[in-house]
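Enquirer: Mapping to UniProt numbering: the sequence shown position 111 is 111, numbers consecutive.
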Amino acid sequence: MEVILKEDVNNLGHRGDVVKVAAGYGRNYLLPQNLAMEANAANKAVIEQMKNSAVRKSAKEKTEAESLVAQLDAASLNFTRKTGENDHLFGSVTSSDIAQQLEEKGFTIDRRKIHLDEPLKSLGEFLVPVRLHREVTAHLKVVIAAEEA
Numbered sequence: 001m002e003v004i005l006k007e008d009v010n011n012l013g014h015r016g017d018v019v020k021v022a023a024g025y026g027r028n029y030l031l032p033q034n035l036a037m038e039a040n041a042a043n044k045a046v047i048e049q050m051k052n053s054a055v056r057k058s059a060k061e062k063t064e065a066e067s068l069v070a071q072l073d074a075a076s077l078n079f080t081r082k083t084g085e086n087d088h089l090f091g092s093v094t095s096s097d098i099a100q101q102l103e104e105k106g107f108t109i110d111r112r113k114i115h116l117d118e119p120l121k122s123l124g125e126f127l128v129p130v131r132l133h134r135e136v137t138a139h140l141k142v143v144i145a146a147e148e149a
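Below, the structure written as structure tokens:
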């Protein structure tokens, strides 16, 4: 099945691309989520207009992301957690926790843009990558301290 992507989809393609996908993936995920539309003759005529629009939208998003990078690089998030032996945390600090604290500071960033290989489970300072745009990544400083007994 051929579809035209309306949005960037990880490991598949970018907005405006015509890609071939499995019929079930297209029918059950891409089309209902409004991430793609079927690539038929009528829709193929719309591709060029979508690509031009996508280029403008991507350029605008990139400039917004670049301005946000400076603010995020200067920001620092502090978490206090209970610890056990060897300074291991009871629980962890996840991308959801980071997104929630960013929102409290006035930044609206989707937790899926915060790239943690695994949740943070020890004390210390960490640089967490935040992918704001496919070409722009900020590095957020996260400090985890022990909770006072």
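For each residue, glycine too, the CB sits at the ideal point set by N, CA and C.
Enumerate in chain order the residues of its own chain whose CB-to-CB distance from asparagine 43 is below 7 angstroms, with the five nearest sequence positions on each side excluded.
Expert: Ile4, Met37
Enquirer: Considering only their Cβ atoms, is the gap separating leucine 102 from isoleucine 109 smaller than 8 angstroms?
Expert: Yes, these two residues count as a Cβ contact at 8 angstroms.
Enquirer: If you scan the UniProt domain "Ribosomal protein L9" (13-40) from start to end, which runs of the beta strand (DSSP E) of 3 or more residues do you find wholly inside it?
Expert: 18-20, 36-38
Enquirer: Need the endpoints of the beta strand (DSSP E) that isoleucine 144 sits in, please.
Expert: 136-146
Enquirer: For glycine 26, count the other beta carbons within 10 Å of its own beta carbon; 16 or more makes it buried, fewer makes it exposed. Which is it?
Expert: buried
Enquirer: Between which residues of its own chain and threonine 83 is the CB-CB distance below 8 angstroms, once the five residues before and five after are set aside?
Expert: Leu89, Phe90, Leu123, Ala146, Glu147
Enquirer: Serine 96: which of Glu118, Asp73, Ala75 sits nearest, CA to CA?
Expert: A check of alpha carbon separations from serine 96 across Glu118, Asp73, Ala75 identifies Glu118 as the nearest.
Enquirer: Alpha carbon to alpha carbon, what distance is there between aspartate 17 and leucine 138?
Expert: Per the sequence presented here, residue 138 reads as alanine, with leucine not at that position. Taking the straight line from one Cα to the other gives about 27 angstroms.
Enquirer: Roughly how far, in whole angstroms, is the beta-carbon of lysine 113 from the beta-carbon of arginine 131, given that I think they are within contact range, below 8 angstroms?
Expert: 5 angstroms
Enquirer: Which whole runs of the alpha helix (DSSP H) in the stretch 77-114 are 4 residues long or more, in chain order?
Expert: 95-104
Enquirer: State the Cα-Cα distance for the pair arginine 111 and proline 129, rounded to the nearest angstrom.
Expert: In this structure, the CA atom of arginine 111 is about 12 angstroms from the CA atom of proline 129.
Enquirer: Would you mind working out which of Glu135, Ala41, Val136, Ser92 sits nearest leucine 116, comparing C-alpha positions?
Expert: Ser92
Enquirer: Indicate the three-state DSSP secondary structure (helix, strand or coil) for lysine 121 in the structure shown.
Expert: strand
Enquirer: Alpha carbon to alpha carbon, what distance is there between threonine 94 and glutamine 100?
Expert: 10 angstroms
Enquirer: Please classify alanine 65: is it buried, with 16 or more other beta-carbons within 10 angstroms of its beta-carbon, or exposed?
Expert: By the neighbour-count rule (16 or more Cβ atoms within 10 Å), alanine 65 is buried.
Enquirer: Could you tell me whether the Cβ atoms of valine 69 and valine 142 are closer together than 8 angstroms?
Expert: Pairing valine 69 with valine 142 gives a Cβ-Cβ distance that is not under 8 angstroms.
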